[in-house]
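**Student:** Input: one structure, supplied below.
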Amino acid sequence: MKITKLTTYIVPPRWCFLKVETDQGVTGWGEPVVEGRAHTVAAAVEELSDYLIGKDPRNIEDIWTVLYRGGFYRGGAVHMSALAGIDQALWDIKGKALGVSVSDLLGGQVRDKIRVYSWIGGDRPADTARAAKEAVERGFTAVKMNGTEELQFLDTFDKVDLALANVAAVRDAVGPNVGIGVDFHGRVHKPMAKVLMKELDPYKLMFIEEPVLSENYEALKELAPLTSTPIALGERLFSRWDFKRVLSEGYVDIIQPDASHAGGITETRKIANMAEAYDVALALHCPLGPIALAACLQLDAACYNAFIQEQSLGIHYNESNDLLDYIKNPEVFDYDKGMVKIPNGPGLGIEINEEYVKERAAIGHRWRNPIWRHADGSFAEW
């Protein structure tokens, strides 16, 4: 079997899909994308395709190694996301060629379903209590919300009080047994994180996500002792080598690699296994499309330390298209009682509606994240 063609499709609302074709008629799909840099990642896929044409797609480990190590400069968001989408498609091809799911190829399932959470609110947390109650009424047992709006390095306590009020309203709306994840989204600098993390403790959160930016990881040495809430981090880390220090220093309880950013199924599995050795839980990041979610679920099926899965159904970014629009078999994402079943069909277990992909790719997108500024005119982290 030989790879004959790679085609990327930029599709709304903010995704990039990849189709990999072979000379035996078996095709695979991946989702190589960086939110806000979809065209850049598509260009990286095209560059990497020079090596791929004519190669046997079933030699996944060797292909991954060459695509990663074969360039003098390696790693980072764009390179690893391009590699991720290619890797997903290769696993999809191999599973389809053998008539088995990717999780079977990874050693078989340790679970047949996994808990999922629903995003509530938007970029600026407001009216989240109502949204949280509606999510619970739809069967979700966990929700995630943005914790704050923009914050200066040192800011006023009215913003702290607003953040606490939003979380308190959600806790009151859903009761004591629904998980609440609060995402600081990298908007909070260390001085204010000290305040917020301590003040949020009474609300018994499921986790606090990205209390500081990953590049400021050393701050967690000071922050972790301030709270009993588990700390989650990792959506902006892209390889085993990025996660190595995070795991070895021991201040993170949950890692959140993204199978469309962190080198695909091959690399994310290795990161998950590293985390298991440190008794750290896995909650794969995935506010993306159906191919990314299918890849994550195959990993969840095979990774013992996976405990919950992010998914984008109804997320505030999905304005023009939503999670299930691009697949012919949406029933494989079987949501029930706060969980979703692992697709068990060949490969990733989903069937892409290629005609609709092409139709929407003709429209495409130029999604960009918001640019925020503080009252003094300086840039604010989004």
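Going by our numbering, the letters in the sequence shown line up with residues 158 to 539, in that order. Glycine included, each C-beta is placed from N, C-alpha and C at the ideal position. Source: prediction; values computed, not measured.
1) Just mark residue 467 as buried or exposed, buried being the case when its beta carbon has 16 or more other beta carbons within 10 Å.
2) For the beta strand (DSSP E) holding residue 165, just list the boundary residues, first then last.
3) Can you check which of these residues, 490, 301, 446, is closest to residue 186 by C-alpha distance?
4) With burial defined as no fewer than 16 other Cβ atoms inside 10 Å of the residue's Cβ, what is the status of residue 448: buried or exposed?
5) Within a Cβ cutoff of 7 Å, which residues of the same chain sit near residue 231, ignoring the five residues on either side of it in sequence?
6) Taking the straight line between their C-alpha atoms, what separation do you get for residue 453 and residue 359?
7) Contact defined as beta carbons within less than 8 Å: I believe residue 463 pairs with residue 481. What is the distance between those atoms, to the nearest angstrom?
8) Given residue 266, which residues of its chain have a CB within under 6 Å of its CB, disregarding the five upstream and five downstream residues?
9) Pick from 214, 343, 364, 403: whose alpha carbon is nearest that of residue 180?
10) Figure out for me which residue from 254, 514, 433 has the closest Cα to the Cα of residue 478.
11) Taking all protein chains shown into account, do 16 or more other C-beta atoms lie within 10 angstroms of the C-beta of residue 285, making it buried, or fewer, making it exposed?
12) Apart from the five residues just before and just after residue 327, which ones in its own chain have a Cβ nearer than 8 Å to its Cβ?
13) Are the CB atoms of residue 404 and residue 432 nearer to each other than 8 Å?
14) Do the region 188-199 and the region 516-534 make contact, defined as three or more Cβ pairs closer than 8 Å?
15) Kindly indicate which three-state DSSP category residue 386 falls into: helix, strand or coil?
16) Leaving aside the five residues before and after residue 249 along the sequence, list all residues of the same chain whose C-beta is less than 6 Å from its C-beta, in chain order.
17) Going by alpha carbons, who is nearest to residue 239 out of 406, 208, 202?
18) Give me whichever residues DSSP pairs with residue 412 in a beta bridge.
19) Quick check: the Cα distance between residue 516 and residue 245, rounded to an integer number of angstroms?
20) Hey, would you say residue 494 sits closer than 8 Å to residue 332, going by beta carbons?
21) By alpha-carbon positions, which one of 413, 490, 507 ends up nearest to residue 465?
22) To which residues of the same chain is residue 411 closer than 6 Å at the C-beta, ignoring the five residues directly before and after it?
23) Check whether the Cβ of residue 459 lies closer than 7 Å to any heavy atom of the ligand ADP, and answer yes or no.
24) Drop a sphere of 10 angstroms on the beta-carbon of residue 444, count the other beta-carbons inside from all chains shown, and report buried for 16 or more, exposed for fewer.
25) Entirely within the region 268-303 and at least 3 residues each: give me those beta strand (DSSP E) ranges in chain order.
**Tutor:** Based on what the coordinates show:
1) buried
2) 160-168
3) 446
4) buried
5) 225
6) 32 Å
7) Not a contact, Cβ separation roughly 22 Å.
8) 260, 458
9) 214
10) 514
11) buried
12) 277, 285, 286, 289, 300, 302, 337
13) yes
14) yes
15) coil
16) 185, 186, 504, 505
17) 202
18) 390, 439
19) 23 Å
20) no
21) 413
22) 364, 387, 389, 438, 440
23) The ligand content of the structure shown is nil, which means the ligand ADP is not present either.
24) buried
25) 270-276, 299-303
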